[in-house]
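Residue numbers (our numbering): 5 to 256.
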Amino acid sequence: MNRRMTRIALAVGATLVAGLVPATASADTATIGSTLSHPSTPSFGSDLISVQAGSSSGLSPFPFLSPANGTVTSWSVRTGDAGAVYGLRVLHPNGGLSYTSTGASALTPPTPSATDATYHFATSLPIKQGDAIGISNGPSGHDVPQFTTTSQSDVLEYAPIFPDGTTATFINFGGLHELLLQATVKFCNVPNVHKQKKVNAKTAITNGDCGVKVKKKVTHKKKFRGKVLKQKVAPGTTGTPGLVVPIVIGEK
């Protein structure tokens, strides 16, 4: 076999082997909030919690509400407000102008520069599908990190800082405002593994960033042995990474 044919044979063989190796587990993630592509033009005042309550169709390709139950693993803010201190809030909308704070990150160090820049922070905050992200700002003399847009549909709401775990009524400041806040939500996304072989089912569940617990049940039907007879968390369910999905495997 010449060298060219050898290379082709090796490439084909590597492709076939790769196809036999189960996909490695990877987290489901979603980005919510602003693209952070606009410059910061701080406004409104200090000691507030702000939230994006409405948006025009072109404001951001990302949703402003969490699409899943999961965990906020990181967040970012764009600002040039030197000395400002920020904190992420997970806000549950109660309808109207009412929000409940269900999670709060540690406060950031003071912004080190007046140069407009994006700052990134790690956190771990539970979030529910439909929850919003908000940001606190302070101390006195430092404003909300926002960009002034051209659409009245870009609505921002704010309230004086209130304790996590409590509820507040926000003030609708109206349109023309984009809150320069973004977060990453990581979540378990439960797949449908009914009737799949045990090994395939376990791989699919872990690839959805979920945990798996295997139980066994005797079955007299050979075609069901080694396969999932039942999964005890419904397909499409989302939750915090590692959510355990019990499955029942048929055996002799």
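Here a beta-carbon is modelled for each residue, glycine too, at the ideal position from N, C-alpha and C. The structure displayed is predicted, hence computed values, not measured ones.
Straight-line gap, I131 to D85 (C-alpha atoms, nearest Å): As a working mapping, residue 131 is identified with position 127 in the sequence shown. As a working mapping, residue 85 is identified with position 81 in the sequence shown. Whole-angstrom Cα-Cα distance: 28 Å.
Give the list of continuous beta strand (DSSP E) stretches no shorter than 3 residues that lie fully inside the segment 89 to 174. 89 to 99, 102 to 108, 121 to 131, 136 to 142, 150 to 152, 159 to 164 and 171 to 173
With DSSP run on the structure shown, which of helix, strand or coil describes N176? One-based indexing of the sequence shown puts residue 176 at position 172. The answer is strand: DSSP assigns N176 an E or B state.
Nonlocal neighbours in the same chain, by C-beta distance under 6 Å from I209, ignoring five residues either side: Within the sequence shown, numbered from 1, the residue matching residue 209 stands at position 205. So the list reads V216 and V249, once near-sequence residues are dropped.
Per DSSP, cross-strand counterpart(s) of K219: Locating residue 219 in the sequence shown gives position 215, counting from the first residue. For K219, which the question treats as bridged, DSSP gives the partners V252.
Let me check one thing: in DSSP terms, what residues is K231 bridge-paired to? Taking the sequence shown and counting its residues from 1, the one referred to as residue 231 is at position 227. The partner list for K231 (beta bridge, DSSP) reads K201.
Can you check DSSP and say which residues form a bridge with I53? By one-based count along the sequence shown, residue 53 stands at place 49. I53 pairs with S140 and A163.
Go through its chain and collect everything with a Cβ distance to D32's Cβ below 6 Å, but skip five positions before and after it. For the purposes of this step, residue 32 is taken as the residue at position 28 of the sequence shown. Same-chain partners within the cutoff: F191, N193 and D213.
Please classify K206: does DSSP put it in a helix, a strand, or coil? Taking the first residue of the sequence shown as position 1, residue 206 is located at position 202. Looking at K206 - three-state DSSP - the assignment turns out to be helix.
Contact belief for T77 with T127 at Cβ below 8 Å, rounded distance in angstroms: Working through the sequence shown from its first residue, we reach residue 77 at position 73. Working through the sequence shown from its first residue, we reach residue 127 at position 123. Sure, about 7 Å apart at Cβ, within 8 Å.
Between the beta-carbon of G254 and the beta-carbon of L233, is there less than 8 Å? Locating residue 254 in the sequence shown gives position 250, where the first residue counts as 1. Locating residue 233 in the sequence shown gives position 229, where the first residue counts as 1. Their beta carbons are under 8 Å apart, which means G254 touches L233 by this criterion.
Report yes or no: do three or more beta-carbon pairs, one from the segment 34 to 41 and one from the segment 57 to 66, lie closer than 8 Å? yes
I believe T152 touches H181 by the beta-carbon criterion, under 8 Å. Please report the beta-carbon distance rounded to the nearest angstrom. For the purposes of this step, residue 152 is taken as residue 148 along the sequence shown, with counting starting at 1. For the purposes of this step, residue 181 is taken as residue 177 along the sequence shown, with counting starting at 1. Sure, about 7 Å apart at Cβ, within 8 Å.
Drop a sphere of 10 angstroms on the beta-carbon of Q156, count the other beta-carbons inside from all chains shown, and report buried for 16 or more, exposed for fewer. Residue 156 sits at position 152 when you count from the first residue of the sequence shown. Per the 10 Å Cβ criterion, exposed.
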